[in-house]
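Here the structure is laid out as structure tokens; the discussion comes afterwards.
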Amino acid sequence: MPRLTDASVYELQALEIDVPDSQLSLVYSTRRALLNNNPITLRAGGTSLGGQATGSGTLIDVSKHLTKIIAYRPKEREVDVEPGVIQDDLNDFLKADGLRFAPDTSTSNRAMIGGMIGNNSCGSYSVYYGTTREHVKSVDVILADGSETTFGSLSDNQLQQKLNQQDFEGNIYRTVFNLLERHGKTILEHFPHPSIKRRNTGYALDELYRFHQPFNPKGKPFNLAPLICGSEGTLAVIKQACLNLVELPKHRQLLCAHFDSIEAAMKIVPHLLEFEPAAIELIDKATLDGAKANRQQQQNRFWIEGDPQAVLVIELFDDLESDLKGRLQNQQAWLLEHGAYAVPIIEPEEASRVWEVRKAGLGMLMGKITRKKAVAVIEDAAVPVRDLFEYFQDVQSLMAELQVGCVYYGHASVGLIHIRPELDLATAEGKELFQTIAERNSKLVKKYRGALSGEHGDGRIRAPFLKEQMGEQVYAWLKELKYAFDPHNLLNPGVIISDTPITENLRADRQPQQRLPTAFDWTKDMSLMDAVEKCNGAGACRKSAGRGVMCPSYQATREENYSTRGRSNLLRYALTEPDPRKALNDAELQDALALCLGCKACKTECPANVDMARLKAEVLHQTRKFFDLSDWAIKHYAGLLNLGQKWPRLFNAVQSLSLVKKALGVDVRRKLPQAHSQNLKSWWLSQKVEPMPAKSYKVWVLVDLFSQFQEPQVGQAVLRSLSKMGLQVEPLFLKASPRALISQGLLPEAKQALLQTVQLLKAWQAGDYIVGIEPSELLVWRDEAHDLLKLEPSKNEQAYHQAVFSQVLSYEELILQLSDLNALAKFNSLERTVWLHVHCHQKALAQPDDSRKALQLIPGVAVEVIPSGCCGMSGEFGYKHYEVSRSIAEQTLLPTLESAKDVDWIVATGTSCRHQLADFGQYSALHIAQVFDQAMD
2 MPRLTDASVY ELQALEIDVP DSQLSLVYST RRALLNNNPI TLRAGGTSLG GQATGSGTLI
62 DVSKHLTKII AYRPKEREVD VEPGVIQDDL NDFLKADGLR FAPDTSTSNR AMIGGMIGNN
122 SCGSYSVYYG TTREHVKSVD VILADGSETT FGSLSDNQLQ QKLNQQDFEG NIYRTVFNLL
182 ERHGKTILEH FPHPSIKRRN TGYALDELYR FHQPFNPKGK PFNLAPLICG SEGTLAVIKQ
242 ACLNLVELPK HRQLLCAHFD SIEAAMKIVP HLLEFEPAAI ELIDKATLDG AKANRQQQQN
302 RFWIEGDPQA VLVIELFDDL ESDLKGRLQN QQAWLLEHGA YAVPIIEPEE ASRVWEVRKA
362 GLGMLMGKIT RKKAVAVIED AAVPVRDLFE YFQDVQSLMA ELQVGCVYYG HASVGLIHIR
422 PELDLATAEG KELFQTIAER NSKLVKKYRG ALSGEHGDGR IRAPFLKEQM GEQVYAWLKE
482 LKYAFDPHNL LNPGVIISDT PITENLRADR QPQQRLPTAF DWTKDMSLMD AVEKCNGAGA
542 CRKSAGRGVM CPSYQATREE NYSTRGRSNL LRYALTEPDP RKALNDAELQ DALALCLGCK
602 ACKTECPANV DMARLKAEVL HQTRKFFDLS DWAIKHYAGL LNLGQKWPRL FNAVQSLSLV
662 KKALGVDVRR KLPQAHSQNL KSWWLSQKVE PMPAKSYKVW VLVDLFSQFQ EPQVGQAVLR
722 SLSKMGLQVE PLFLKASPRA LISQGLLPEA KQALLQTVQL LKAWQAGDYI VGIEPSELLV
782 WRDEAHDLLK LEPSKNEQAY HQAVFSQVLS YEELILQLSD LNALAKFNSL ERTVWLHVHC
842 HQKALAQPDD SRKALQLIPG VAVEVIPSGC CGMSGEFGYK HYEVSRSIAE QTLLPTLESA
902 KDVDWIVATG TSCRHQLADF GQYSALHIAQ VFDQAMD
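Going left to right, the sequence shown walks through residues 2 to 938 as this note's numbering numbers them.
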């Protein structure tokens, strides 16, 4: 991969990327890089905001393999982990014993312990639990001479032994000890104010002097682990860590205080600390409004009353439920008396949905359709809580003076508000403002004796201002410490100790040199490039399996290139090359896109709503070959299926040949869908259709190719059951698959297929229903159709198209609408447990719970919803990528169904899902219509 980004504004080209598969391999990689004088950058989740996870030397990625929980001692409340263990995964492991690792970052579903130690991460509960530093007991590290050691608590004798060692490690101990012994008081005077819990400016010498022996005789034993916390990979390479654990709170609950101004919210924060909260988080209007535009977060806005300019989310912990209830009521009353216009108390089971809005804030802000993005430059400054409002006013005045919009959210309880000015760093004006804001803010932070970095780290973005913050003498001591640990400046150079201007190595320096004509209309995103640039690198696509659908190929492989972020980086690089069409043919990019299943989850689960499936389709269109057999087969799919229906035995025999499969790119282990002697259209024409009352509802059924030829029994169940319900059924037998054409990049052909369907619907009238059978096909009308057709005709035709688009329903959506109208027939009781897997396009573009709701209208049906992501088939993907497809199916879907009994039914709403279950689980899954059909026999 040419370049790796984190969530910062920076991008550097790595010399090489190393992915060690064990701690031994990590030691080897580190020593090899050091021997070759290559700079080393450690990378875990790659979510850092200061540029510390991107480098120009050897980039060592621990996220794929170094993910083991090595040892767990619940009685001692300790756990030993490798640096690639994800925070949420660790806490899931600990939950059964009522324990957790205390820090709780907004990136908890992909942030890894190594990165949390590197940045000394904190999260929402730092006012209660403190920072990562307080919860790391020891770290096993590789030093810059290639030696290995453990930094942990030392007795007086052990410390003396370390000081007497005549080796590299001994020199480190002597340097640190002498700096503290000789200059400790001066260091305290020049470091951030001690009341600030989040102090990540420079190296934590103040922490060692203030809280550790022998400098504090009553303090903790001397330990260099706190110094490694917050060192951002510049002092040592972390192999593993021993973490301290805390008990889960017995009872917890949220209040959400709504305010008419952000100023009113900020003013009362110091007083709220008297209520001993576990968290106080500020969410501003920009973030709240961002949730309106994000499909996944829309449903999490249930608690918002009116149109607040700011909200304080306050959480309380307590041992007794009765005491917690009293505290909540007292604080609610106090807030209403002190400026809040609404203070709903959130039910405990709904709390996670409130936090989801807060956690998704950054991604949603970066997904705004504008070239002025809310950038990270002064977003991590912390000041004493008593000065927070004054500092906020100073920043507001600065932004008003510079005429820059700004976003405010974050950890009010500890004096840290994430302040993000909205800038276009692709312009000279934007870069100049970027530099000016950083310089002016540095002076403001120093005025309040604040910390330039609270938890995101100094990185590259704050490093040049450390000398101003600390003074030249203290800065010189920090350099002396860095030299002792890293004499050749090979450990993450340019981070913390650096005078490199913050406007160098900006990601925005690469801009398109020419624009390609596109098949999709990208004007909603401003352009194709802007659609790619919605990815800000926050890495929400790097979640573990079971935490959502996005991104299934990443979950199966843990390869960065197979995440939405990885693909976006490759796409952005290609689109900014001199010849973008040629660059789009790059083998690495094409491989990354080939492993995209087109599940559409990123369109919903990515906070910035990056739509990689659509981007992939555009790229395939741009790089289309003169002839490709697979493309030809998709283009002529209907004709091939018609041939199969005429000679099914011959057709099935020919398509089963290994030679044919290989020619089509299909894995020979896969069984292709079988042809049948009767298609759905001939079956329908053979049926005696009873005339329906004139007042009955008319239903136009879009019969896709799969339901016509490959699963005619599904199409029969749909048409038969709708007829039994007393509806006037008008099937439209489609002659192409818009979804398959789009997925293959055959966009002109897809557009033509959509227009043909519109023509078939000319007789549609307001009040009629339009229903699709296959979810991926019907949801094209809610998704790509608008931007593919571009709707350039007359306004009347546009209005007609829009009406059609909005009317296309799934079978279960129709059932629920008819139920609301009391227009459903009575169903027979089935007395069945139904295991339900919902197609990923429904999860992304519809309401996946509709399938469950519909099934539960049938008496005697008990629905077990399978908590699966993508099934792993996704049209032709599963036929071409057998192993990855199987890995995806084996993550959640197949293991869950091991609990199903032989008499239970399995419903999978998509045809691909049903084939996947048959291939890898030997399950005969049903379409939802087949269940309703049997309920009306």
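A virtual CB, placed ideally from N, CA and C, is assigned to each residue, including glycine. These numbers come from a predicted model, not from an experiment.
query                                                                                                                           : result
Range covered by the beta strand (DSSP E) that runs through residue 239                                                         : 238-245
Span of the alpha helix (DSSP H) around residue 589                                                                             : 588-595
CB of residue 30 within 9 angstroms of CB of residue 561, strictly                                                              : no
Where the alpha helix (DSSP H) containing residue 909 begins and where it ends                                                  : Taken as a continuous stretch (DSSP letters only), residue 909 belongs to no alpha helix (DSSP H), being part of the beta strand (DSSP E) at 906-909.
Residues that DSSP places opposite residue 521 in a beta bridge                                                                 : DSSP, once it has assigned bridges, lists no residue as partnering residue 521.
Nearest neighbour of residue 400, chosen from 419, 370, 434 and 415 [CA to CA]                                                  : 434
Short Cβ contact (9 angstroms threshold) for residue 556 with residue 545                                                       : yes
Touch test, the stretch 696-705 against the stretch 718-737, Cβ-Cβ under 8 angstroms, three pairs minimum                       : yes
DSSP three-state assignment for residue 770, whether helix, strand or coil                                                      : strand
Nearest neighbour of residue 137, chosen from 397, 103 and 76 [CA to CA]                                                        : 103
Buried/exposed call for residue 370, threshold 16 Cβ in 10 Å                                                                    : exposed
Cutoff 7 angstroms; reference residue 115; Cβ partners in own chain excluding five residues on either side                      : 43, 45, 63, 84, 85 and 239
Contact under 9 angstroms by Cβ, residue 235 with residue 466                                                                   : no
Of the listed residues 450, 615 and 77, nearest to residue 572 (C-alpha basis)                                                  : 615
CB of residue 491 within 9 angstroms of CB of residue 347, strictly                                                             : no
Cβ contact (3+ pairs, closer than 8 angstroms) linking the stretch 442-461 and the stretch 50-69                                : yes
Rounded C-alpha distance that separates residue 937 from residue 775                                                            : 22 angstroms
Alpha helix (DSSP H) runs contained entirely in the stretch 46-118, provided each spans 4 or more residues                      : 88-95
Extent of the continuous alpha helix (DSSP H) run through residue 441                                                           : 429-448
N-terminal and C-terminal residue of the beta strand (DSSP E) that residue 709 is part of                                       : That residue, residue 709, is in no beta strand (DSSP E); it is neither H nor E in DSSP.
Rounded separation between residue 1 and residue 354 - CA only                                                                  : Any answer about residue 1 is impossible in this case: the structure gives the chain only from 2 up to 938.
Reduced DSSP category for residue 253 - H, G, I as helix; E, B as strand; rest coil                                             : strand
Collapsed DSSP secondary structure at residue 1 in the structure displayed                                                      : The question about residue 1 has no answer, for the chain in this structure spans 2 to 938.
Nearest neighbour of residue 623, chosen from 889, 520, 356 and 814 [CA to CA]                                                  : 520
Spatial neighbours of residue 592 in its chain, beta-carbon cut-off 8 angstroms, leaving aside the 5 residues before and after  : 562
DSSP three-state assignment for residue 701, whether helix, strand or coil                                                      : strand
Beta-carbon proximity list for residue 20, same chain, < 6 angstroms, skipping 5 on both sides                                  : 62 and 65
Same chain, Cβ closer than 8 angstroms to residue 547, five either side skipped, listed in chain order                          : 868, 870, 892 and 893
Close-in-space but distant-in-sequence residues of the same chain around residue 106 (CB under 6 angstroms, 5 per side omitted) : 112, 122 and 124
Buried or exposed (CB count within 10 angstroms, at least 16 for buried), residue 929                                           : buried
Rounded distance between the beta-carbons of residue 597 and residue 554, thought under 8 angstroms                             : 7 angstroms
Residues that residue 411 bridges to, as DSSP identifies them                                                                   : 283 and 418
Neighbour-count burial assignment, residue 559, 16 or more Cβ in a 10 Å radius                                                  : buried
Cβ-based neighbour list, residue 436, same chain, cut-off 8 angstroms, excluding 5 preceding and 5 following                    : 502, 503 and 504
When 225, 860 and 188 are compared against residue 139, the one with the closest alpha-carbon                                   : 225
Euclidean distance between Cα positions of residue 8 and residue 397                                                            : 25 angstroms
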